[in-house]
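Visitor: Numbering (the numbering used here), first residue to last: 2 to 269. Virtual Cβ for every residue (Gly too), placed ideally from N, Cα, C. These numbers were taken from a predicted model, which means no experiment stands behind them.
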Amino acid sequence: MTPIPAVVHTRITHTRTTPIRHSFVYRSASWLIDIDDPPRLPWLLRMFARFVAADHFPESDSPGDTLRSRLDAHLDAADVVPPNGRVVGLLSPRVAGHVFNPLSVYWCHDLDGTLRCVVAEVHNTYGERHCYVTTPDARGDARVRKEFYVSPFNDVDGTYRLHVPEPDPDGRVAVSIILDREDQGSFVASLTGRAKPATVRAILTTQLVAPLAPLLVTARIRIQGIRLWLKRLPVVSRPVHDHATTIADDTRLSLTPSRKDFDERSAS
Numbered sequence: 002m003t004p005i006p007a008v009v010h011t012r013i014t015h016t017r018t019t020p021i022r023h024s025f026v027y028r029s030a031s032w033l034i035d036i037d038d039p040p041r042l043p044w045l046l047r048m049f050a051r052f053v054a055a056d057h058f059p060e061s062d063s064p065g066d067t068l069r070s071r072l073d074a075h076l077d078a079a080d081v082v083p084p085n086g087r088v089v090g091l092l093s094p095r096v097a098g099h100v101f102n103p104l105s106v107y108w109c110h111d112l113d114g115t116l117r118c119v120v121a122e123v124h125n126t127y128g129e130r131h132c133y134v135t136t137p138d139a140r141g142d143a144r145v146r147k148e149f150y151v152s153p154f155n156d157v158d159g160t161y162r163l164h165v166p167e168p169d170p171d172g173r174v175a176v177s178i179i180l181d182r183e184d185q186g187s188f189v190a191s192l193t194g195r196a197k198p199a200t201v202r203a204i205l206t207t208q209l210v211a212p213l214a215p216l217l218v219t220a221r222i223r224i225q226g227i228r229l230w231l232k233r234l235p236v237v238s239r240p241v242h243d244h245a246t247t248i249a250d251d252t253r254l255s256l257t258p259s260r261k262d263f264d265e266r267s268a269s
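1. According to the neighbour-count rule (16 or more other Cβ atoms, all chains shown, within 10 Å of its Cβ), is F101 buried or exposed?
2. So is E183 buried or exposed if we call it buried at 16+ other beta carbons inside 10 Å?
3. Ignore the nearest five residues each way along the sequence and tell me which others in D158's own chain have a CB closer than 8 Å to its CB.
4. Once you ignore the five residues that flank I13 on each side, which residues in its own chain have a CB closer than 6 Å to its CB?
5. What are the residues that DSSP puts in a beta bridge with R193?
6. Just how far apart, CA to CA, sit Q185 and G65?
7. Check whether the Cβ of V145 lies closer than 7 Å to any heavy atom of the ligand ADP, and answer yes or no.
8. Alpha carbon to alpha carbon, how far is L254 from C132?
9. Quick one: using the 10 Å Cβ neighbour count with 16 as the cut-off for buried, is R140 buried or exposed?
10. Give me, in chain order, the residues of the same chain whose beta-carbon lies closer than 7 Å to that of L112; leave out the 5 immediate sequence neighbours on both sides.
11. For A249, which three-state DSSP category applies?
12. Which residue from I179, D171, D243 puts its Cα closest to that of P198?
13. Could you tell me which residues DSSP puts in a beta bridge with G90?
14. Any contact of the stretch 65-78 with the stretch 226-234, i.e. 3+ C-beta pairs under 8 Å?
15. Let me check one thing: in DSSP terms, what residues is Y27 bridge-paired to?
16. Using the C-alpha atoms, what's the distance from A214 back to R41?
17. Taking 8 Å as the threshold (C-beta atoms), are W32 and V9 in contact?
18. Counting along the chain, where does the beta strand (DSSP E) carrying T160 start and finish?
19. In chain order, what residues of the same chain lie with their CB nearer than 7 Å to the CB of V237, ignoring the 5 residues before and after it?
20. I'd like to know whether the C-beta atoms of A249 and V165 end up nearer to each other than 8 Å.
21. Using DSSP's beta-bridge definition, name the partner residues of Y133.
22. What three-state label does DSSP hand A276 in the structure shown?
23. Measure the C-alpha to C-alpha separation of W44 and R51 and round it to an integer number of angstroms.
24. Short of 6 Å in beta carbon distance, which residues of its chain neighbour A190, apart from the five on each side in sequence? Order them along the chain.
Below you can see the structure in the form of structure tokens.
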């Protein structure tokens with residue numbers, strides 16, 4: 002089985018085809034964790050990986066909340082019954098006090114191990130967050146409307162094709178997002194890698210492969226933005242972000258009973 006917790010040395014690619022062609026590839030690092038049992042490293046290693054619930058999902062005023070409680074509260078607010086089994090998250094920790102998770106993926110299971118849904122949490126460089134809730138098919142594929150402003154060079158029109166299969170037994174991770182827009186070429190982003198047990202050696206090696214990964218990711222995004230601006234790619238104004246969740250149109254979650262119904266059945 003895929004080791005949990007695990008360090009994933011990743012290869013990230015972005016390809017834009019219109020109105021100009023622009024692509025780049027870089028190395029980074031993510032972790033696979035059980036969100037009910039996030040790793041707490043010895044203090045000497047803690048600067049290299051610290052998992053903080055407040056770094057994910059919408060703001061919460063609840064003291065002592067956890068990744069699980071924040072996920073559940075977020076799904077509750079969207080009238081989706083939270084999963085009652087294991088949730089495996091692919092995300093980036095805080096490193097040297099800094100965090101930036103452009104994309105986090107949560108595979109949400111029921112108690113019998115069945116995959117209930119996949120939540121893709123997207124962060125932009127403006128400090129905003131948005132979650133896409135999907136139920137992928139057997140290949141890990143799903144479609145969902147884009148409703149969140151990520152890049153100043155893309156508006157919020159179009160449809161995402163998500164490929165979010167669970168990590169395979171050998172620890173291979175392969176996630177991709179394709180943005181389809183009418184009369185425009187696709188934008189493609191992918192993240193691939195292999196999970197390795199989060200040993201001391203693996204954690205230290207990560208700092209050689211992708212030192213201070215969140216800071217590097219942020220810097221690379223800004224550098225690529227400058228390159229696109231210098232190529233005179235038009236800048237799109239950022240709209241008001243007035244909701245935090247998008248549920249895929251074709252997801253089975255549309256048939257999921259509401260939280261009220263779920264609570265009434267539990268009480269009966």
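Guide: The short version:
1. Buried: at least 16 other Cβ atoms inside 10 Å.
2. Counting C-beta atoms within 10 angstroms of its own C-beta, E183 has fewer than 16 neighbours from the protein chains shown and is therefore classed as exposed.
3. So the list reads K147, R182, E183, once near-sequence residues are dropped.
4. Non-local beta-carbon contacts of I13 in its own chain, meaning distances under 6 Å to residues more than five positions away in sequence, involve Y27, S29, L192 in chain order.
5. For clarity, residue 193 is Thr in the given sequence; the question names Arg instead. Within the DSSP bridge table, the entry for T193 names R12, A175 as partners.
6. Cα to Cα, Q185 sits roughly 46 Å from G65.
7. No copy of the ligand ADP occurs in the structure displayed, which carries no ligand at all.
8. Because L254 sits at a pLDDT of 45, beneath the cut-off of 50, its placement in the model cannot be relied upon, and the point is left open.
9. Exposed, since its Cβ has fewer than 16 Cβ neighbours within 10 Å.
10. For L112, same chain residues with a beta-carbon under 7 Å away, outside a window of 5 residues either side, are N85, G86 in chain order.
11. Secondary structure at A249: coil, using DSSP grouped into helix, strand and coil.
12. Checking every option, the nearest Cα to that of P198 belongs to D171.
13. G90 pairs with I34, Y107.
14. Flag = no, the stretch 65-78 and the stretch 226-234 do not touch.
15. I13.
16. Computed Cα separation, rounded: 19 Å.
17. Cβ atoms of V9 and W32: closer than 8 Å.
18. Its beta strand (DSSP E) spans residues 160-164.
19. Contacts found: P153, F154, N155, D156.
20. Taking a C-beta distance under 8 Å as the contact criterion, A249 and V165 do not qualify as a contact pair.
21. Paired residue(s): A121, T247.
22. Any question about residue 276 goes unanswered here, given that the chain covers just 2 to 269.
23. For W44 and R51, the distance between alpha carbons rounds to 10 Å.
24. Cβ neighbours of A190 beyond the five flanking positions: H15, I178.
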